[in-house]
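Participant: If you're matching positions, the sequence shown starts at 75 in the working numbering and goes up one per residue. For every residue, glycine included, the Cβ atom is placed at its ideal position computed from N, Cα and C.
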Amino acid sequence: MRRSRLVIYAGLSFMAGLMLAHNLPAVWQRFDLLYFAFGLASLLLLFGKKYWRLTALLSCFLFLGLWRYSWSINTADDAIVPYYDQEITLQGYIAEEPELQIDKQQLLLAVYQLNNRPLTSRVLITTDLSREYSYGQQIIVVGKLRQPRPDYGHYLALRHIYSLGYYPKIVVLPGQQIEWFKQKLLLVRQQAASRLQQMRPPISNLALASLLNYKASMSQPMKQVLSRSGLSHLIAISGLNISILSLLILNFLLLLTIPRPYAFYITSILLWFYIALIGAPASALRAAIMGWLVLWAVYLGRLNRSLNALIIAAVLMLLWQPQALFYDLGWQLSFTAVLGIFLLYQPFLKWLGFIPYKIVREMMAISLAAQLATWPLLAQSFDQVSLVAPLANLLVIWLVPVIMSGLIVGLLLSFLLPALTIYWLLPGNWGLDYVWLVANLTANLPGATVSLKLNNFWLLSYYLLLGLGLGYYRYQAHQRLEPDDKNNWLC
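Below is the structure:
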């Protein structure tokens with residue numbers, strides 16, 4: 075068996091182990107040492123007879139998935155559980171930028187003392203808007219902690235948060251606990267946000283959410299319009315958006331006659347600087363990894379042959395956070411979007427050959443490939459499907475790179491001549507005006523969305539049919555190859 079296929083099968087076996095452990099009864103999920111022992115035994119079988127090696131290798135990764143999932147549920151923050159629903163005093167610092175909402179704000183508290191005793195934990199505090207807090211502030215919190223409900227708790231566990239506090243008494247202490255580099259990045263981000271706010275709403279809200287990850291700036295009606303039109307991905311730091319932005323920068327640098335290797339390295343540096351600028355949340359880091367893989371594959375000219383890198387990246391991320399496979403919609407969408415781009419980009423690019431402009435053709439092919447791969451997950455999560463999403467995306471996706479470029483260049487110029495900020499941002503403003511117009515028009519079309527509830531059976535059935543269809547397409551393409559080329563064809 076080819077090594078490329080072996081990597082894919084091993085990665086899928088690991089994910090199958092996670093899925094199996096997730097669906098086992100709770101008592102079986104605790105047998106982490108047993109699964110580790112089976113994995114070790116499978117590893118030893120690799121040195122046996124040749125026909126056992128493949129089975130042993132796949133079994134090893136299967137039991138690795140079982141062990142990693144069972145171990146992850148044993149690492150919950152048990153130290154703070156006995157203090158639930160009791161009046162306690164916590165001391166710590168605000169570990170992330172406060173998330174402002176319409177009538178409240180949320181603070182992520184990194185705790186280092188509980189009732190004047192050392193204790194390390196992370197607590198999500200909900201409080202009112204009467205006072206302004208900042209990242210790095212040291213505070214004392216007096217109140218009661220609660221355990222989150224199971225579905226929300228699984229999501230919070232991905233951020234290592236196991237406790238909630240609602241409207242406690244908060245006392246701000248002098249001094250801040252923040253690294254110098256993060257402080258400077260935060261200052262740049264806040265200054266960029268203040269410049270984007272000079273645009274009129276709701277365009278400024280769109281710019282803040284799509285460029286700087288300020289999702290709290292979006293009102294619920296705005297989110298509903300984008301959801302009905304199928305354009306919600308525009309305000310998310312997703313693998314699709316990172317891919318589009320990275321490819322735009324790469325193509326722009328190549329147009330400047332910068333050698334391809336240097337253009338790739340410069341784009342990679344700018345990509346990771348951008349992720350650091352928006353605070354490097356876990357969701358953005360995962361999206362950046364997925365998006366960078368697309369960039370790397372395009373750089374190598376092997377977009378449809380980079381499954382190995384994607385599978386390896388997915389396994390490494392799931393080793394770090396195995397629960398993401400089940401409870402992190404952002405990870406699921408990023409993975410399936412990039413997987414769809416790798417597998418479906420070339421067919422769509424061929425079918426869109428009638429479009430004269432290469433960059434528009436490429437952006438549309440990427441968008442359609444990602445949409446075809448991700449819509450069942452969105453339908454399962456939100457119980458609805460946007461029927462106008464293909465139309466809306468075809469109308470705006472080609473403009474997204476131009477808008478992002480206009481906003482980024484406008485922000486850079488605004489730091490040089492702040493007095494002209496509103497004029498520097500005009501190109502991006504006009505582009506977002508068009509996007510918002512398309513979103514409203516398509517969202518208000520009759521039958522724009524339909525209610526659709528997909529369970530896991532229908533979800534798996536869809537992906538199975540999609541895989542069979544793709545396999546048939548690639549088989550037909552393989553049959554059309556010249557005999558000498560078939561030996562080099564990687565299925």
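Taking the straight line between their C-alpha atoms, what separation do you get for C565 and A267?
Facilitator: Caution applies to C565, whose pLDDT of 42 falls short of 50 and renders its modelled position unreliable; the model cannot decide the point.
Participant: Along the chain, where does the alpha helix (DSSP H) that runs through A331 open and close?
Facilitator: Here the sequence assigns Thr to residue 331, which means Ala is not the residue at that position. That residue, T331, is in no alpha helix (DSSP H); it is neither H nor E in DSSP.
Participant: Measuring CB to CB, does L198 end up less than 8 Å from L238?
Facilitator: Their beta carbons are under 8 Å apart, which means L198 touches L238 by this criterion.
Participant: Are L601 and I277 close, meaning C-beta to C-beta below 8 Å?
Facilitator: Nothing about residue 601 can be read from this structure; the chain reaches only from 75 to 565.
Participant: Under 8 Å between the Cβ atoms of V412 and V476?
Facilitator: It is not a contact, given that the beta carbons lie outside the stated cut-off.
Participant: Taking only the alpha-carbon atoms, compute the straight-line gap between A654 and Y348 and give it to the nearest angstrom.
Facilitator: Nothing about residue 654 can be read from this structure; the chain reaches only from 75 to 565.
Participant: Report the three-state DSSP secondary structure of Q294 (helix, strand or coil).
Facilitator: Q294 falls in the helix class under three-state DSSP.
Participant: Verify whether the separation of the beta carbon atoms of S441 and A361 is less than 8 Å.
Facilitator: Not closer than 8 Å, so no.
Participant: So, under 8 Å CB-CB, L417 and L544 are touching, yes? Tell me the CB distance rounded to an integer number of Å.
Facilitator: Right, the Cβ-Cβ distance comes to about 6 Å (below 8 Å), so this counts as a contact.
Participant: Could you tell me the boundaries of the alpha helix (DSSP H) in which K60 lies?
Facilitator: In the structure displayed, the chain extends from 75 to 565; residue 60 sits before or after that span and is not available.
Participant: For V389, does the three-state DSSP call read helix, strand or coil?
Facilitator: In this structure, V389 counts as helix in the three-state DSSP scheme.
Participant: Mapping DSSP to helix, strand and coil, what is R233?
Facilitator: Note: R233 maps to coil in three-state DSSP.
Participant: For L260, which option in Q445, E171, W498 has the closest C-alpha, if you only look at C-alpha atoms?
Facilitator: It is E171 whose Cα lies nearest to the Cα of L260.
Participant: Could you give the C-beta distance for I415 and A387, rounded to a whole number, given that I count them as a contact under 8 Å?
Facilitator: With a Cβ gap of about 14 Å, I415 and A387 do not count as contacting.
Participant: Taking DSSP's pairing of strands, which residues face R127 in a bridge?
Facilitator: Answer is none; R127 lacks a bridge partner.
Participant: When you compare only the Cα positions, how much space is there between Q550 and A447?
Facilitator: About 21 Å.
Participant: Nearest CA to the CA of Q445: which residue from I429, K432, N467, F456?
Facilitator: If we check each option's Cα against that of Q445, N467 comes out closest.
Participant: Starting from the Cα of Y167, find the closest Cα among T201, Q179, G249, N190 and give me that residue.
Facilitator: Closest by alpha carbon: G249.
Participant: Suppose you measure from the CA of G227 to the CA of I429; what does that come to, to the nearest Å?
Facilitator: Computed Cα separation, rounded: 47 Å.
Participant: Determine the direct distance from the alpha carbon of Y419 to that of T200, and round the result to whole angstroms.
Facilitator: Cα-Cα distance, rounded: 43 Å.
Participant: Can you tell which of L403, L540, L486, V299 has its C-alpha closest to the C-alpha of L511?
Facilitator: That would be V299, whose Cα lies nearest to the Cα of L511.
Participant: Measuring straight from C-alpha to C-alpha, what distance separates A517 and V155?
Facilitator: Cα to Cα, A517 sits roughly 45 Å from V155.
Participant: So L30 is in the beta strand (DSSP E); what residue range does that whole segment cover?
Facilitator: Look at the range of the chain in this structure, 75 to 565, and you will see that residue 30 is not part of it.
Participant: Quick one: using the 10 Å Cβ neighbour count with 16 as the cut-off for buried, is V372 buried or exposed?
Facilitator: Buried.
Participant: Under the three-state reduction of DSSP, which class applies to R142: helix, strand or coil?
Facilitator: Looking at R142 - three-state DSSP - the assignment turns out to be helix.
Participant: Apart from the five residues just before and just after L465, which ones in its own chain have a Cβ nearer than 8 Å to its Cβ?
Facilitator: Once the five neighbours on either side are set aside, the close Cβ partners of L465 are T516.
Participant: P492: which of L270, L164, E173, R196 sits nearest, CA to CA?
Facilitator: Nearest of L270, L164, E173, R196 to P492, Cα basis: L270.
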